[in-house]
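Q:
Number of protein chains: 2
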Amino acid sequence: MDNFFKPRSIALIGASKDKTKVGYNLWQKLKAYPGRLYPVNPRFGYQRVTDIKVRIDLAVVAIPARFVPGVLTDCVAKKVKAVIVISSGFAELGEAGVSLPPPPVPFLGPNCFGVANPSRRLDTTFAKVDPPPGNIGLISQSGALASYLFNWARQEHLGFSKFISLGNRLGLTENDFLEYLGNDSATKIIALYLESFADGLGWLKLASRISRKKPIIVLFGGQTPAGRLASQSHTASLSPAGAVVTAALNQSGCLQAKTITDFTNLLEVFSLEPELKDNDLAIVTNAGGPAILATDTASSLNLDVAKAVDVLGDAGAGRFSQALNEVLKDKTRDAYLIIITPQANTQIESTCRAIVRRFRSVKKPLIVSLLTGRLTETAGNILRQNRIATIELPQEAVTGLAALLQWHRGHKLDLYPARRSYPIHSPSGTLPEGRLTWKQAQSLIRRYQLPLVKTITLDQPVKPADFSWPVVLKADPSAGAHRTEAKAIYLNLKTGAAVKTAYRRLAQKFPLILAQPQLTAGHELFIGLKREPGWPVLLTLGGGGVYTELYRDLARVFLPVNEKLIANLLRQTRIGQIIFGYRNGVKLAVKAIVKLILNACQLIEEFQSVQELEINPAILTETSVTIVDLKITTFRDSP
Amino acid sequence: MDNFFKPRSIALIGASKDKTKVGYNLWQKLKAYPGRLYPVNPRFGYQRVTDIKVRIDLAVVAIPARFVPGVLTDCVAKKVKAVIVISSGFAELGEAGVSLPPPPVPFLGPNCFGVANPSRRLDTTFAKVDPPPGNIGLISQSGALASYLFNWARQEHLGFSKFISLGNRLGLTENDFLEYLGNDSATKIIALYLESFADGLGWLKLASRISRKKPIIVLFGGQTPAGRLASQSHTASLSPAGAVVTAALNQSGCLQAKTITDFTNLLEVFSLEPELKDNDLAIVTNAGGPAILATDTASSLNLDVAKAVDVLGDAGAGRFSQALNEVLKDKTRDAYLIIITPQANTQIESTCRAIVRRFRSVKKPLIVSLLTGRLTETAGNILRQNRIATIELPQEAVTGLAALLQWHRGHKLDLYPARRSYPIHSPSGTLPEGRLTWKQAQSLIRRYQLPLVKTITLDQPVKPADFSWPVVLKADPSAGAHRTEAKAIYLNLKTGAAVKTAYRRLAQKFPLILAQPQLTAGHELFIGLKREPGWPVLLTLGGGGVYTELYRDLARVFLPVNEKLIANLLRQTRIGQIIFGYRNGVKLAVKAIVKLILNACQLIEEFQSVQELEINPAILTETSVTIVDLKITTFRDSP
């Protein structure tokens with residue numbers, strides 16, 4: 001891996017003297033690198049990489065796509081240690097792209113933006129602004145976003161330990177570089193822009209391990225259907241659904257940024273600040289309104305503005321300085337926010353110098369909101385040169401502090417993989433393919449002691465006395481339709497005549513019909529278990545019934561699980577708050593609920609051919625849990 | 001009112017030669033004003049305002065609070081036409097402040113930041129940066145936020161038609177200036193930073209009228225309990241609860257900004273852009289990642305990225321220009337977003353010039369996301385000078401476009417006041433004071449045909465045969481406690497023994513106990529009606545029962561209402577989607593539900609002594625609606 005970041009010799013294949021070519025820009029940039037550089041171009045420098053006599057650690061390739069396969073063959077022949085292909089025109093174009101076989105050398109790209117190691121003056125990108133050196137390890141699936149970040153970092157006096165652009169990930173992936181940055185002592189925090197995971201399971205294991213020691217901050221693009229399609233033509237990979245992404249990032253202890261602004265704010269705060277250990281925030285401000293907005297934000301993020309000092313609009317540096325002294329006297333504060341707006345008497349620069357002096361020995365987080373735009377570069381730079389975080393908008397500053405606290409308190413809980421609290425045996429027998437009927441599901445489910453409501457399949461004559469009234473009539477789950485939408489369910493039938501009418505209507509559309517008693521009280525729980533390709537089974541819990549889609553009150557985690565993790569997961573949902581006794585209310589049958597969930601997990605872990613198991617709803621009361629509807633789907637061509 | 005913005009003569013009371021004083025800054029600023037200026041100061045200029053011989057249109061007062069009452073007496077004697085008191089030290093300090101009687105002249109302040117009319121070079125503030133002229137009418141309850149906005153506007157080449165800082169609002173309020181700006185031809189859009197409403201009902205009437213013709217954009221501070229307290233010491237007024245604020249802004253057709261960034265983005269977009277008439281967005285970009293993030297945001301805000309052209313990272317101005325031509329050929333696009341990141345070949349300035357040329361005659365919204373930070377001021381200024389909106393982050397740009405569309409489509413719906421579809425008669429009889437018992441409520445409720453569940457008050461012997469089983473036992477609503485929290489309710493009792501036990505437990509804590517049948521099926525609806533001081537009655541509808549507080553699935557509107565408005569309000573909630581037949585599901589008893597809500601509204605409008613009427617829940621089925629719990633509270637000292 002060091003061949004990418006500390007090569008002793010670089011061959012630039014496609015070096016160019018034409019200023020409009022990427023090969024020209026790369027050539028100019030790489031000249032600054034203190035290692036040996038060999039330009040390769042039929043009309044300039046070496047004809048082919050094999051013509052170079054010395055050993056080549058790194059080849060950077062920037063030539064039209066159709067020539068790349070031949071050049072790669074040369075690189076292999078030359079035993080080049082590492083290859084980066086900047087050129088585009090491959091899988092990201094779909095059928096129209098040049099096809100590349102997986103190369104037998106450590107390989108980054110194609111369609112990427114290269115790498116950088118700023119402290120060694122290595123930069124194989126064609127960004128307008130060079131990445132400054134610093135402690136952020138950046139991995140990006142977008143080169144353009146990286147060039148934005150290089151410029152941003154330079155302005156904020158921040159920088160990068162290493163930079164990697166992923167491109168199409170034909171060879172190395174984010175996981176390889178994540179591991180490398182995890183072990184890289186120059187990297188304090190790891191930042192990623194991703195649009196998909198090359199290997200979900202690998203990510204879960206690796207990021208869970210690395211996030212124990214370094215913050216991992218992720219911005220994810222392509223989380224809506226429209227964005228996913230746009231992403232596919234950009235990096236030759238389809239984004240996973242937003243729910244999978246969020247579950248994966250949560251469970252691997254990563255912080256997910258919502259927007260580019262959120263991303264850069266988190267990078268700034270985590271790059272510069274010490275740990276935030278509790279939620280007691282002090283504000284010093286010359287501005288009432290912005291401080292109130294910051295207090296609102298703090299309050300909504302569970303930070304407590306224990307002390308706020310308004311020095312008023314006409315304060316000079318002296319009054320600011322006194323207020324800082326006063327606030328610093330109280331050692332119980334955990335973090336500080338200083339807000340400066342530009343008013344006639346505001347001495348912005350000397351106030352900033354006072355801040356630097358006062359906070360020199362304070363080992364707690366401090367952010368300064370300089371609401372001064374481009375009015376003064378100097379004042380901001382006084383702070384930045386002294387490694388004080390500057391975030392112009394106070395609401396965003398507070399959001400950054402809340403993330404620090406979230407990191408301190410929460411990121412090590414429930415990391416992947418959790419302890420598994422049930423055994424996994426070899427499954428006995430095989431399952432039918434596709435959607436199981438209720439009867440098929442029942443015989444499987446009963447082996448796992450899952451409590452099913454008493455159900456009659458109406459494929460033979462039934463007498464009214466066989467029913468428990470009132471009755472529910474519905475299509476068998478093998479029909480697969482959305483129950484409500486397809487009018488596949490009739491609730492609360494109280495007479496034989498009503499049952500007959502419902503039966504007639506259902507029988508017109510569905511081959512198999514079920515009868516169940518109508519349960520008359522209880523809350524509804526959703527339990528979903530799904531094999532996503534490339535991931536462990538994903539467990540989803542939350543509010544059930546018609547409310548599942550309306551309220552989206554759901555929490556997710558990848559298997560394996562145990563009692564404690566299930567309880568934690570339930571507590572993240574609102575139905576979970578009811579289960580555990582909301583506002584002094586009665587607890588529901590917690591033990592039976594958790595047991596049911598664990599048993600369902602055991603089932604899907606034992607039966608690898610089950611693609612999806614969905615219980616919706618299970619009816620919960622203080623003393624019972626009963627499954628009234630479930631769908632089981634197996635793979636059509638099971639392993 | 002013109003005396004504030006176009007005074008022919010100004011007296012500055014507290015003009016000062018001491019550079020650290022506000023009176024000095026004001027003096028310097030007012031010198032630039034082309035009207036006549038009279039400094040008043042015992043040691044400099046005129047001793048007292050009454051010493052000035054000519055007529056004074058406007059007095060600006062910046063002296064210590066204790067001298068202000070005397071000076072106001074002078075101003076009245078002098079028949080000054082308008083007075084602004086900048087000085088602080090009054091009601092915002094609570095008891096410690098100097099008390100001022102309501103002055104008998106048009107009066108702004110005290111504790112305010114003055115006014116400005118930039119096109120006439122009038123500026124009575126002490127902001128470091130003068131407010132530039134433009135089309136935004138700004139009213140602010142925070143002077144500091146205004147000084148931030150002045151600086152921001154100068155950088156963005158935007159400006160203000162008028163500016164007003166409200167302060168403590170002893171005289172004029174936001175409503176007076178809102179009316180003025182509504183009629184001011186120089187004002188295209190009205191922006192407000194508020195922490196409370198001086199007169200809620202007045203706001204509703206006025207803003208509803210003005211928002212028909214001009215966008216009103218509001219940033220509201222103090223929406224959390226912590227923020228409300230902070231606000232009180234800032235402007236001598238307590239913020240109303242967030243729910244009231246949001247209801248008031250929605251129903252008066254205003255756009256509510258969530259953050260300072262959101263506020264400035266909305267000001268930029270609405271100040272510069274023409275109307276956005278449909279949701280079809282085109283993106284031209286040299287950056288895949290940022291465009292995907294923008295597409296995600298667009299998709300989540302119901303904008304459709306119908307066309308996205310990625311000119312790739314190595315594009316110069318020529319390729320950008322071609323792409324713009326291509327995109328502009330298709331006349332079906334409604335708005336445009338251009339994203340520029342800084343890469344080696346990016347010709348930022350000539351690309352911006354090309355944008356200006358291509359879009360000169362395009363009368364549709366365009367935003368350029370220059371992800372270039374401070375790399376180039378020139379490029380941004382090329383756009384800004386040509387009145388093209390520049391928002392650096394593409395996700396924020398898209399949010400701005402979505403607000404334009406929201407404005408076009410939605411803001412004129414359901415403005416206050418709606419048509420009232422029920423009569424209001426004089427109430428017959430008076431009500432008891434405080435919390436009504438079930439029996440008291442019942443006799444009132446029945447007059448309005450509100451359907452109550454059959455209820456027995458257990459204040460006399462009752463036989464098991466009198467119950468409908470299963471039974472619910474609960475404390476009478478006059479007890480006032482939170483039912484679940486106080487363990488004041490026992491559900492689903494099936495035996496005489498269970499009823500006895502429950503009764504015994506309840507009787508230990510509550511004087512009056514009710515018995516009702518347990519309803520076994522149905523969805524739960526919350527209906528709240530509340531008199532907030534200074535506002536019309538606020539109606540809240542949404543998910544009921546234990547879910548009310550957990551899901552906060554609530555929508556609100558001020559009375560009066562009618563069938564259509566109730567239906568619109570219900571549709572904003574998720575329970576409403578079920579009522580109207582979610583995903584092809586069965587409709588609930590819509591007519592009966594709407595009728596019940598209207599009747600409850602009639603009740604509270606007729607009985608002015610009712611402070612609060614809360615129905616939670618009403619149980620809804622396909623054929624019925626039944627109130628199982630309700631609380632009615634009347635004012636203790638009724639009018």
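Heads up: the protein sequence lines correspond to chains A and B, in order.
With UniProt numbering, letter number 638 in the first sequence gets 638, and the count goes up by one each step, no holes.
With UniProt numbering, letter number 355 in the second sequence gets 355, and the count goes up by one each step, no holes.
Virtual Cβ for every residue (Gly too), placed ideally from N, Cα, C.
These numbers were taken from a predicted model, which means no experiment stands behind them.
1) On a Cα-Cα basis, can you pick out the residue from B:Val115, B:Gly134, B:Ile136 that is closest to Phe126 of chain B?
2) With a cut-off of 8 Å on the beta carbons, I'd call Thr633 of chain B and Glu612 of chain B a contact; round off their distance for me.
3) Give me, in chain order, the residues of the same chain whose beta-carbon lies closer than 7 Å to that of Trp203 of chain B; leave out the 5 immediate sequence neighbours on both sides.
4) Rounded to whole angstroms, what is the Cα-Cα separation between Leu267 of chain B and Ser119 of chain B?
5) Straight-line CA distance for Thr376 of chain B to Ile348 of chain B?
6) Please classify Ser165 of chain B: does DSSP put it in a helix, a strand, or coil?
7) What does His523 of chain B pair with, by DSSP beta-bridge criteria?
8) So Phe126 of chain A contacts chain B; which residues on that side make the cut at Cβ distance below 9 Å?
9) Chain B beta carbons: is any one of them nearer than 8 Å to that of Pro639 of chain A?
10) Going by Cα to Cα distance, which pick from B:Ser369, B:Leu569, B:Ala592, B:Val76 is closest to Ile340 of chain B?
11) Hey, is Thr484 of chain B's beta-carbon within less than 8 Å of any beta-carbon in chain A?
12) Can you tell me where the beta strand (DSSP E) holding Phe558 of chain A begins and where it ends?
13) By the DSSP assignment, the beta strand (DSSP E) with Pro133 of chain A in it spans what residues?
14) Classify His157 of chain A: buried if its beta carbon has 16 or more other beta carbons within 10 angstroms, exposed otherwise.
15) Nearest by alpha-carbon distance to Asn568 of chain A: which of A:Pro560, A:Leu559, A:Ala555 is it?
16) Have a look at the DSSP bridge pairing and note the partners of Leu613 of chain B.
17) Considering only C-alpha positions, which residue in the set B:Arg319, B:Ala354, B:Ile579, B:Arg353 is nearest to Asn345 of chain B?
18) Taking only beta-carbon atoms, is Gly373 of chain A less than 8 Å away from chain B?
19) Where does Pro477 of chain B sit, in a helix, a strand or coil, going by DSSP?
20) Does the Cβ of Ser468 of chain B have 16 or more other Cβ atoms within 10 Å, making it buried, or fewer, making it exposed?
21) Which residues, taken in chain order from the region 469 to 501 of chain B, show a beta carbon closer than 8 Å to some beta carbon of chain A?
22) What are the residues in the region 187 to 201 of chain A lying within 7 Å of chain B by C-beta distance?
23) Decide if Ile424 of chain B is buried, meaning its Cβ has at least 16 other Cβ atoms within 10 Å, or exposed.
24) Give me the chain B residues within the contact set of Gly143 of chain A, using Cβ-Cβ distance strictly less than 9 Å, ordered along the chain.
25) DSSP three-state label for Glu549 of chain B, please.
26) Beta carbons nearer than 8 Å to chain B: which residues of the region 214 to 228 of chain A have them?
27) So for Val343 of chain B, helix, strand or coil by DSSP?
28) Going by Cα to Cα distance, which pick from B:Thr20, B:Ile578, B:Arg419 is closest to Phe558 of chain B?
29) Can you tell me the Cβ-Cβ gap for Pro342 of chain B and Leu145 of chain A, rounded? I've got them flagged as a contact below 8 Å.
30) Using a Cβ cut-off of 9 Å, which residues of the region 293 to 308 of chain B contact any Cβ in chain A, in chain order?
31) Which residue spans inside the region 191 to 277 of chain B form an unbroken beta strand (DSSP E) run of at least 3?
32) Any C-beta of chain B within less than 7 Å: which residues of the region 561 to 591 of chain A qualify?
33) Please report the straight-line C-alpha distance between Leu30 of chain A and Lys19 of chain A, rounded to a whole angstrom.
34) Would you be able to state if there are at least three C-beta pairs under 8 Å between the region 604 to 624 of chain A and the region 518 to 525 of chain A?
35) Between the alpha carbons of Leu26 of chain A and Thr372 of chain B, how many angstroms are there, rounded?
A: The answer reads as follows:
1) Position 126 of the second sequence, counted from the first residue, corresponds to residue 126 of chain B. Of the candidates B:Val115, B:Gly134, B:Ile136, the one whose C-alpha sits nearest the C-alpha of Phe126 of chain B is B:Val115.
2) Taking the second sequence and counting its residues from 1, the one referred to as residue 633 of chain B is at position 633. Taking the second sequence and counting its residues from 1, the one referred to as residue 612 of chain B is at position 612. About 5 Å separates the two Cβ atoms, so the contact holds.
3) What you label residue 203 of chain B is simply residue 203 of the second sequence in a count that begins at 1. Asn175, Phe197, Ala248, Ser252.
4) Your numbering for residue 267 of chain B matches position 267 in the second sequence. Your numbering for residue 119 of chain B matches position 119 in the second sequence. Whole-angstrom Cα-Cα distance: 19 Å.
5) Taking the second sequence and counting its residues from 1, one reaches residue 376 of chain B at position 376. Taking the second sequence and counting its residues from 1, one reaches residue 348 of chain B at position 348. C-alpha separation (whole angstroms): 8 Å.
6) Against the second sequence, residue 165 of chain B aligns to sequence position 165. It is a strand residue.
7) Residue mapping note: residue 523 of chain B aligns to position 523 of the second sequence, counting from 1. Partner(s): B:Leu620.
8) Reading the first sequence from its first residue, position 126 is the one you call residue 126 of chain A. In chain order: Gly313, Asp314, Gln343, Ala344, Asn345.
9) Within the first sequence, numbered from 1, the residue matching residue 639 of chain A stands at position 639. At Pro639 of chain A, the pLDDT of 45 sits below 50, so the modelled position is not reliable; the number obtained from the coordinates is stated separately. No, no contact with chain B.
10) Against the second sequence, residue 340 of chain B aligns to sequence position 340. Checked all of B:Ser369, B:Leu569, B:Ala592, B:Val76; the closest Cα to Ile340 of chain B is B:Ser369.
11) Taking the first residue of the second sequence as 1, we reach residue 484 of chain B at position 484. It does; some Cβ of chain A falls within 8 Å.
12) As a working note, residue 558 of chain A is residue 558 in the first sequence. Note, Phe558 of chain A: beta strand (DSSP E), 554 to 558.
13) As a working note, residue 133 of chain A is residue 133 in the first sequence. For Pro133 of chain A, the enclosing beta strand (DSSP E) stretches over residues 133 to 140.
14) Position 157 of the first sequence, counted from the first residue, corresponds to residue 157 of chain A. Counting Cβ neighbours within 10 Å, His157 of chain A comes out buried, since at least 16 surround it.
15) Looking up residue 568 of chain A in the first sequence gives position 568. Closest in alpha carbon position to Asn568 of chain A, among A:Pro560, A:Leu559, A:Ala555, is A:Ala555.
16) As a working mapping, residue 613 of chain B is identified with position 613 in the second sequence. Paired residue(s): B:Leu529, B:Ile632.
17) On the second sequence, residue 345 of chain B is found 345 positions in, with the first residue counted as 1. Asn345 of chain B has its Cα closest to that of B:Arg319, out of B:Arg319, B:Ala354, B:Ile579, B:Arg353.
18) Position 373 of the first sequence, counting from 1, holds the residue named residue 373 of chain A. It does; some Cβ of chain B falls within 8 Å.
19) The sequence position of residue 477 of chain B within the second sequence is 477, counting from 1. In this structure, Pro477 of chain B counts as helix in the three-state DSSP scheme.
20) By one-based count along the second sequence, residue 468 of chain B stands at place 468. With fewer than 16 Cβ atoms within 10 Å of its Cβ, Ser468 of chain B is classed as exposed.
21) His482, Thr484, Glu485, Ala486, Lys487, Leu491, Asn492
22) Within the region 187 to 201 of chain A, the residues whose Cβ lies closer than 7 Å to some Cβ of chain B are Tyr193, Glu195, listed in chain order.
23) For the purposes of this step, residue 424 of chain B is identified with residue 424 of the second sequence, where counting begins at 1. By the neighbour-count rule (16 or more Cβ atoms within 10 Å), Ile424 of chain B is not buried but exposed.
24) Against the first sequence, residue 143 of chain A aligns to sequence position 143. Within chain B, the residues near Gly143 of chain A are Ala287, Gly288, Gly289, Gly313, Thr341, Gln343.
25) For the purposes of this step, residue 549 of chain B is identified with residue 549 of the second sequence, where counting begins at 1. Under the three-state reduction of DSSP output, Glu549 of chain B falls in the helix class.
26) Leu219, Gly221, Gly222, Gln223, Thr224, Pro225, Ala226, Gly227
27) Taking the second sequence and counting its residues from 1, one reaches residue 343 of chain B at position 343. The sequence as given places Gln at residue 343 of chain B; Val does not occur at that position. DSSP places Gln343 of chain B in the strand class (E or B) of the three-state scheme.
28) Looking up residue 558 of chain B in the second sequence gives position 558. Phe558 of chain B has its Cα closest to that of B:Arg419, out of B:Thr20, B:Ile578, B:Arg419.
29) Residue numbering aside, residue 342 of chain B sits at position 342 when the second sequence is read from its first letter. Residue numbering aside, residue 145 of chain A sits at position 145 when the first sequence is read from its first letter. The Cβ separation is near 11 Å, so there is no contact.
30) Answer in chain order: Leu293, Ala294, Thr295, Asp296, Thr297, Ala298, Ser299, Ser300, Asp304, Val305, Ala308.
31) Runs found: 216 to 220, 255 to 257.
32) Arg574, Gln577, Ile578, Tyr582, Arg583, Asn584, Gly585
33) Here residue 30 of chain A refers to the residue found at position 30 when the first sequence is read from its first residue. Here residue 19 of chain A refers to the residue found at position 19 when the first sequence is read from its first residue. Roughly 15 Å between the two C-alpha positions.
34) yes
35) For the purposes of this step, residue 26 of chain A is identified with residue 26 of the first sequence, where counting begins at 1. For the purposes of this step, residue 372 of chain B is identified with residue 372 of the second sequence, where counting begins at 1. Their Cα atoms are separated by approximately 21 Å.
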